[in-house]
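There are 2 protein chains.
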Amino acid sequence: MSSATTRRSSRRQEIRPEADDQLRLEAFLPYRLAVLANAVSRAFARRYEDEFGLSIPEWRVMALLAVSPGLTATEVAEATPMDKVAVSRAVRGLIEAGRLRASADKTDARRQRLALTPAGMAIYRRIVPLARALEARLTAGMGTDEREALDRLLAQLEAAARTL
Amino acid sequence: MSSATTRRSSRRQEIRPEADDQLRLEAFLPYRLAVLANAVSRAFARRYEDEFGLSIPEWRVMALLAVSPGLTATEVAEATPMDKVAVSRAVRGLIEAGRLRASADKTDARRQRLALTPAGMAIYRRIVPLARALEARLTAGMGTDEREALDRLLAQLEAAARTL
DNA sequence: GGACATCCGTTACAGATGAAACTAATGCGG
DNA sequence: CCGCATTAGTTTCATCTGTAACGGATGTCC
Chain A
1 MSSATTRRSS RRQEIRPEAD DQLRLEAFLP YRLAVLANAV SRAFARRYED
51 EFGLSIPEWR VMALLAVSPG LTATEVAEAT PMDKVAVSRA VRGLIEAGRL
101 RASADKTDAR RQRLALTPAG MAIYRRIVPL ARALEARLTA GMGTDEREAL
151 DRLLAQLEAA ARTL
Chain B
1 MSSATTRRSS RRQEIRPEAD DQLRLEAFLP YRLAVLANAV SRAFARRYED
51 EFGLSIPEWR VMALLAVSPG LTATEVAEAT PMDKVAVSRA VRGLIEAGRL
101 RASADKTDAR RQRLALTPAG MAIYRRIVPL ARALEARLTA GMGTDEREAL
151 DRLLAQLEAA ARTL
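Sequences listed follow chains A and B, in order.
Start counting the first sequence at 1; every next residue gets the next number (the numbering used here).
Start counting the second sequence at 1; every next residue gets the next number (the numbering used here).
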């Protein structure tokens, strides 16, 4: 047993790559991602809520429909990681607030075509600069090259995550 | 109005940096972080739950106490973004499962010193390689330099997020 | 055109989460 | 010591989130 703990020959211990049987939580990628995303989401949610009375799912639905009006609830759900229940609730809230309009699909009575109302569009246009400004604060210290690197690395992580 | 839409002089439209009044959700950093972290967390949560009956808060508490035994619940809460309610629940679950032991603090009867039991430590040691393997799958396509870049960029984002 | 599988969106229910109230213990000022 | 503010941790309650069941609509196969 004691011989098993002998340091492996010439291998130098450089920056201490962390013992194999321990794991520092603050260096653990899934943990860091969760904490970071949570902090960011909270900051944004507070702003959306305070200034526009919007939840994050509602904001997502608005952002999608601003770019792609006429989607159905199912299509919205497919375009985001929200399930159809979340979309249904967000849609209801937005309609009650007069920001979204649902119109019957000509060929399929089960579907509803969704689109922002002018009021919804107006709010969307007020949110976009605010969202961009907050996003800019996140990457404030970065140069163009670093932002591109971040983009690429996130894309790689996203692809890897899809295979989990 | 039509004159307002005139393209700005010599500025070439390279990769279309995206109109100022629109926002593509899938390129929006807070959204990407939330979706990515959520996907990763779900994958991990499923494994922890299936194989060890652990929730993510429980796993975090274990990971902390494995490295720093003797912390109090408040200290655990300070070391993570979990509030004390989450820690309290995680601790209760772990104690009921026999993985954690709470002992009275000599000098302050309100505090409890927390530490993994031998059974808890055994489980921890079984989780670590699994967690590392999943983490490795996330960064599977990356070279050492890319991983370092990711580390740095995440650290920058974390710092920026703290100022939000 | 009628039985049956499938799809759209909502509702119902259960578990997770978070804020605030609460209990018990400590510290501190006089 | 005694009152009062503060701290540790739990409990309570309201809300959020996700899974499953559902009602109505379509389509399809014979």
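The beta-carbon is built from N, C-alpha and C at its ideal position, and this holds for glycine as well.
Small disclaimer: the values here were computed from a predicted structure and weren't measured.
(request) Note down, one range per segment and in chain order, each beta strand (DSSP E) of at least 3 residues found wholly within the stretch 73–121 of chain A. (result) 100–104 and 112–116
(request) Please classify residue 9 of chain A: does DSSP put it in a helix, a strand, or coil? (result) Interpretation of residue 9 of chain A is limited by its pLDDT of 45, a score under 50 that renders its predicted location unreliable; the figure taken from the coordinates is listed afterwards. Residue 9 of chain A falls in the coil class under three-state DSSP.
(request) Identify each residue in the stretch 112–139 of chain A for which the Cβ-Cβ distance to at least one residue of chain B is less than 9 Å, and report them in chain order. (result) 124, 125, 127, 128, 129, 131, 132, 134, 135, 137, 138 and 139
(message) For a contact defined as C-beta to C-beta under 9 Å, what are the partners of residue 81 of chain A on chain B?
(response) 34, 35, 38 and 39
(message) Contact criterion: CB-CB distance below 7 Å. Does residue 164 of chain A meet it with respect to chain B?
(response) yes
(request) Can you grab the Cα-Cα spacing for the pair residue 133 of chain A / residue 146 of chain A, in whole Å? (result) 18 Å
(request) For residue 70 of chain A, collect the residues of the same chain with a Cβ closer than 8 Å to its Cβ; drop the 5 residues on either side in sequence, then sort them by chain order. (result) 113, 114 and 115
(request) Output, in chain order, the set of chain A residues within a Cβ distance shorter than 7 Å of residue 30 of chain B. (result) 40, 41, 44 and 135
(request) Output, in chain order, the set of chain A residues within a Cβ distance shorter than 7 Å of residue 150 of chain B. (result) 153
(message) Just checking: is the beta-carbon of residue 54 of chain B within a distance shorter than 7 Å of some beta-carbon in chain A?
(response) no
(request) Measure from the C-beta of residue 63 of chain B to each C-beta in chain A and report whether the shortest distance is under 7 Å. (result) yes
(request) Note down, in chain order, every chain A residue with its Cβ under 7 Å from the Cβ of residue 157 of chain B. (result) 36 and 138
(request) Just tell me which of B:39, B:89 and B:51 has its CA closest to the CA of residue 127 of chain B. (result) B:51
(request) Apply the 10 Å Cβ neighbour rule to residue 74 of chain A and answer buried if 16 or more other Cβ atoms are within range, or exposed otherwise. (result) exposed
(message) By the three-class DSSP mapping on this structure, what secondary structure does residue 151 of chain A have?
(response) helix
(message) Quick check: is the beta carbon of residue 21 of chain A nearer than 7 Å to any beta carbon in chain B?
(response) yes
(message) Tell me which residue opens and which closes the alpha helix (DSSP H) that residue 52 of chain B is part of.
(response) 29–52
(request) Following the continuous alpha helix (DSSP H) through residue 60 of chain B, name the residue where it begins and the one where it ends. (result) 56–67
(request) Go ahead and pull the three-state DSSP assignment for residue 145 of chain B. (result) helix
(message) Let me see if you follow: with CB-CB separation under 7 Å, is residue 141 of chain A close to chain B or not?
(response) yes
(message) Check this for me: beta carbons of residue 29 of chain B and residue 130 of chain A, under 7 Å apart or not?
(response) no
(request) Give the secondary structure of residue 157 of chain B by DSSP, where H, G and I count as helix, E and B as strand, and everything else as coil. (result) helix
(request) Give every residue of the same chain whose Cβ lies closer than 7 Å to the Cβ of residue 121 of chain B, excluding the five residues on either side of it in the sequence, and list them in chain order. (result) 66
(request) Please look up how many angstroms separate the CB atoms of residue 119 of chain B and residue 98 of chain B, rounded, as I've assumed it's under 8 Å. (result) 5 Å
(message) I want to see whether chain B comes within less than 7 Å of residue 25 of chain A, judged by CB atoms only; does it?
(response) yes
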